[in-house]
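To start, the structure under review is shown below, and the notes come after it.
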């Protein structure tokens, strides 16, 4: 007893054994379960505000330690020291304005508005990136000089040992 080919393909497809073009397998469950209702819960504002203030305080203390390091560094020229101290004072001013803004905020909307006001412009971001790039080049240059000095010292030590023998 032979079944016509269409019925055989349809029976296989409905059994989920085979996908024929134009024939979809039967779904495993025909009634979709509705997604759970998600209620948006507003987070309490006070802990968020306190967390932001602690981040700002941490950043300010980091800037203070960095300023002390720059002042104590004897290898820097006066020009380099002045340039780095200017950047650090700019950062300190920005963080202090941010701190006063966060302290005066009373809701999440106030924080969002504060964020929108303090988003740096394209030129400011470009300037900051350029300064970072210059700092990195300066660091690489210093490291190259140190490696060269170490190489020369090792060479001198080898020569002195060879002369002593």
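In mature numbering (1 follows the signal peptide of the UniProt record, and there is no 0), the protein residues as written are -20 to -1, 1 to 145.
All residues carry an ideal CB built from backbone N, CA and C; glycine is no exception.
In this text the structure is predicted, and so the values were computed from the model without any measurement.
Between residue 82 and residue 129, the alpha-carbon positions lie close to 49 Å from each other. Around residue 64, the same chain offers 50, 56 as residues with beta carbons nearer than 8 Å, after the five sequence neighbours per side are excluded. Nearest C-alpha to residue 76 among 143, 27, 44: 44. Separation of the CB atoms of residue 108 and residue 94 is rounded to 20 Å, and the pair is thereby denied contact status at 8 Å. The DSSP-derived three-state label of residue 104 is helix. Remark: C-beta atoms of residue 68 and residue 38 do not approach each other more closely than 9 Å. Under the three-state reduction of DSSP output, residue 86 falls in the coil class, being neither helix nor strand. An exposed status is given to residue 116, since fewer than 16 other beta-carbon atoms sit within 10 Å of its beta-carbon. Scanning 87, 132, 71, 42 for the CA closest to the CA of residue 25 turns up 87.
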